[in-house]
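Participant: For the sequence shown, the positions run 1 to 44 when the UniProt record's numbering is used. Before I ask anything, let me first share the structure, which is written out below as structure tokens.
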Amino acid sequence: MLEHLKWRFQGNFDTDLFSHQAIDNQKENQIQMYLHCQKSHVVH
Numbered sequence: 001m002l003e004h005l006k007w008r009f010q011g012n013f014d015t016d017l018f019s020h021q022a023i024d025n026q027k028e029n030q031i032q033m034y035l036h037c038q039k040s041h042v043v044h
């Protein structure tokens, strides 16, 4: 997904700086997906 967004909007961010986390939320009966950036940076 990040590679597509980078291509589509001609972004300059490093996709290797991101990781994803999946959490099984039993209470809400859903899986929650999160993207985490490992380093602060500016995206153009």
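Beta carbons: idealized from backbone N, C-alpha and C, even for Gly. This structure is a prediction, so every number in the text was calculated from the model and none was measured.
Pick helix, strand or coil for residue 16, following the three-state DSSP scheme.
Facilitator: The sequence position of residue 16 within the sequence shown is 16, counting from 1. In this structure, residue 16 counts as helix in the three-state DSSP scheme.
Participant: Please go through the same chain and pick out, in chain order, the residues whose beta-carbon is closer than 7 Å to the beta-carbon of residue 5, but skip the five residues on each side of it.
Facilitator: Against the sequence shown, residue 5 aligns to sequence position 5. Excluding sequence neighbours, residue 5 sits near 11.
Participant: Closest by CA to residue 40, which one among 26, 9, 18 and 31?
Facilitator: By one-based count along the sequence shown, residue 40 stands at place 40. Minimum Cα distance to residue 40 is reached at 18.
Participant: Can you tell me which residues form a DSSP beta bridge with residue 25?
Facilitator: Numbered from 1 along the sequence shown, position 25 holds the residue referred to as residue 25. DSSP lists 30 as partners of residue 25.
Participant: In angstroms, rounded to a whole number, what distance separates the CA positions of residue 9 and residue 43?
Facilitator: By one-based count along the sequence shown, residue 9 stands at place 9. By one-based count along the sequence shown, residue 43 stands at place 43. Computed Cα separation, rounded: 11 Å.
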